[in-house]
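Just so you know, the protein sequences line up as chains A and B, in that order. Mind the numbering: the first sequence is residues 1 to 112 in my numbering, read in order. Mind the numbering: the second sequence is residues 1001 to 1111 in my numbering, read in order. Ideal Cβ placement from N, Cα and C applies to all residues, glycine included.
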Amino acid sequence: SQQGEEDPQALSIQEGENATMNCSYKTSINNLQWYRQNSGRGLVHLILIRSNEREKHSGRLRVTLDTSKKSSSLLITASRAADTASYFCATDARGRSEKLVFGKGTKLTVNP
Amino acid sequence: DVKVTQSSRYLVKRTGEKVFLECVQDMDHENMFWYRQDPGLGLRLIYFSYDVKMKEKGDIPEGYSVSREKKERFSLILESASTNQTSMYLCASSTTHGTQYFGPGTRLLVL
Chain A
1 SQQGEEDPQA LSIQEGENAT MNCSYKTSIN NLQWYRQNSG RGLVHLILIR SNEREKHSGR
61 LRVTLDTSKK SSSLLITASR AADTASYFCA TDARGRSEKL VFGKGTKLTV NP
Chain B
1001 DVKVTQSSRY LVKRTGEKVF LECVQDMDHE NMFWYRQDPG LGLRLIYFSY DVKMKEKGDI
1061 PEGYSVSREK KERFSLILES ASTNQTSMYL CASSTTHGTQ YFGPGTRLLV L
């Protein structure tokens, strides 16, 4: 299966700490995306990194991609209670780049 | 901002009923998707559509059908609802090779 797998499944940290989530996948990709989901809501796109990029930043988010290891990481710096959510990686292979395959997510809890 | 709306946030239906879930997007996106999300299983693609009247099965199409008569609207149909279709249903839209934009989700309970 192409499905990405996030690690860890759950993460609990204190406000102000950094949170790192990892994603591994199995086949070649064109790009990898990270999404966030607040409890009981739809997913919101955070960042997209292309296969020829190694690192990308957006505000307090830093994403890295290592295509040789088929892995990506999402770092949230100086976390806030409002960052509490589930985070999913999504890959786009399987010959149809408009279709995404989502992992099962990392549930992040940021304690005030 | 892209807006994807779903007809209901919560829905309760009885086994055997025909159920329609509606999704509308306002950004003229070519692609639209229906997923279901279950604890421990993540998001699974039911169907997607890449143009009006064009559809493709996803990973779990059994028990579902879809309709896309207009570009902005994508409907998911449960012909005869069953209890194992109790789930959170998420609609999304995207341009080709693009980011997906999700609706708020419909939590369906089939009794």
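(message) Distance cutoff 7 Å, beta carbons only. Does B:G1016 sit that close to anything in chain A?
(response) To locate residue 1016 of chain B, count along the second sequence from 1; it is residue 16. Judged by the 7 Å Cβ criterion, B:G1016 is not in contact with chain A.
(request) Taking only beta-carbon positions, decide if A:E6 is within less than 7 Å of chain B. (result) The residue labelled residue 6 of chain A in the question sits at position 6 within the first sequence. Taking Cβ atoms only, chain B never reaches closer than 7 Å to A:E6, which makes this a no.
(message) I want to verify the contact list: residues of chain B whose CB lies under 8 Å from the CB of A:L11, in sequence order.
(response) Within the first sequence, numbered from 1, the residue matching residue 11 of chain A stands at position 11. Here the premise fails: no neighbours, minimum Cβ distance about 17 Å.
(message) Can you give me the C-alpha to C-alpha distance between A:S71 and A:K104, rounded to a whole angstrom?
(response) For the purposes of this step, residue 71 of chain A is identified with residue 71 of the first sequence, where counting begins at 1. For the purposes of this step, residue 104 of chain A is identified with residue 104 of the first sequence, where counting begins at 1. Between the alpha carbons of A:S71 and A:K104 lies a gap of roughly 15 Å.
(request) Taking the CB atoms as reference points, tell me whether A:L32 and A:I49 lie closer together than 7 Å. (result) Taking the first sequence and counting its residues from 1, the one referred to as residue 32 of chain A is at position 32. Taking the first sequence and counting its residues from 1, the one referred to as residue 49 of chain A is at position 49. Going by C-beta atoms, A:L32 is nearer than 7 Å to A:I49.
(message) So the candidates are B:S1082, B:E1056 and B:R1036; which of them puts its Cα closest to the Cα of A:K99?
(response) Sequence index remark: in the first sequence, residue 99 of chain A carries index 99 (1-based). If we check each option's Cα against that of A:K99, B:E1056 comes out closest.
(message) At the 7 Å Cβ level, is A:H57 part of the contact set with chain B, yes or no?
(response) For the purposes of this step, residue 57 of chain A is identified with residue 57 of the first sequence, where counting begins at 1. Output row for A:H57: interface = no.
(request) Could you check how far apart the C-beta atoms of A:T91 and A:I47 are, in whole angstroms? I think they sit under 8 Å. (result) Taking the first residue of the first sequence as position 1, residue 91 of chain A is located at position 91. Taking the first residue of the first sequence as position 1, residue 47 of chain A is located at position 47. Going by Cβ atoms, the distance from A:T91 to A:I47 rounds to 14 Å, so no, they are not a contact pair.
(request) Could you check how far apart the C-beta atoms of B:F1033 and B:C1091 are, in whole angstroms? I think they sit under 8 Å. (result) Start at 1 with the first residue of the second sequence, and residue 1033 of chain B comes out as number 33. Start at 1 with the first residue of the second sequence, and residue 1091 of chain B comes out as number 91. Their Cβ separation, rounded to whole angstroms, is 7 Å, which keeps B:F1033 and B:C1091 in contact under 8 Å.
(request) Report all residues from its chain with a CB closer than 6 Å to the CB of B:V1066; omit the five preceding and five following residues, and keep chain order. (result) One-based indexing of the second sequence puts residue 1066 of chain B at position 66. Contacts found: Y1047, K1055 and L1076.
(message) Quick check on B:N945: does DSSP put it in helix, strand or coil?
(response) Outside the shown range of chain B (1001 to 1111) lies residue 945 of chain B, about which nothing can therefore be said.
(message) Determine, for B:T1083, whether the minimum Cβ-Cβ distance to residues of chain A falls below 7 Å.
(response) One-based indexing of the second sequence puts residue 1083 of chain B at position 83. So no, B:T1083 is outside the interface.
(request) Give the DSSP-derived three-state secondary structure of A:D66 in the structure shown. (result) Counting from 1 along the first sequence, the entry for residue 66 of chain A is found at position 66. The answer is strand: DSSP assigns A:D66 an E or B state.
(message) Check whether chain A comes within 7 Å of B:F1074, counting only Cβ atoms and requiring the distance to be less than that.
(response) Here residue 1074 of chain B refers to the residue found at position 74 of the second sequence. It does not; no Cβ of chain A falls within 7 Å.
(request) Taking B:V1110 as the reference, give the member of B:K1071, B:Y1089, B:T1096 and B:C1023 with the closest Cα. (result) Counting from 1 along the second sequence, the entry for residue 1110 of chain B is found at position 110. Here the closest residue by C-alpha is B:Y1089.
(request) Return the residues of the segment 19-37 of chain A that lie within a Cβ-Cβ distance of less than 7 Å from chain B, sorted by chain order. (result) Q33
(request) Less than 8 Å between the CB atoms is what I'm expecting for A:T84 and A:T109, so what's the real figure, rounded? (result) The residue you call residue 84 of chain A lines up with position 84 of the first sequence. The residue you call residue 109 of chain A lines up with position 109 of the first sequence. About 5 Å; that satisfies the 8 Å criterion.
(request) Please list the segments of the beta strand (DSSP E) lying wholly inside the segment 28-75 of chain A, counting only runs of 3 or more residues, in order along the chain. (result) 31-37, 43-50, 55-58 and 61-66
(request) Please report the residue range of the beta strand (DSSP E) in which B:R1036 lies. (result) On the second sequence, residue 1036 of chain B is found 36 positions in, with the first residue counted as 1. Looking at the DSSP string, the run of the beta strand (DSSP E) that includes B:R1036 is N1031 to D1038.
(request) With a threshold of 16 other CB atoms inside 10 Å of the CB of B:Y1010, please say whether the residue is buried or exposed. (result) Within the second sequence, residue 1010 of chain B is the residue found at index 10, counting from 1. Classification of B:Y1010: exposed, given that the 10 Å Cβ count is below 16.
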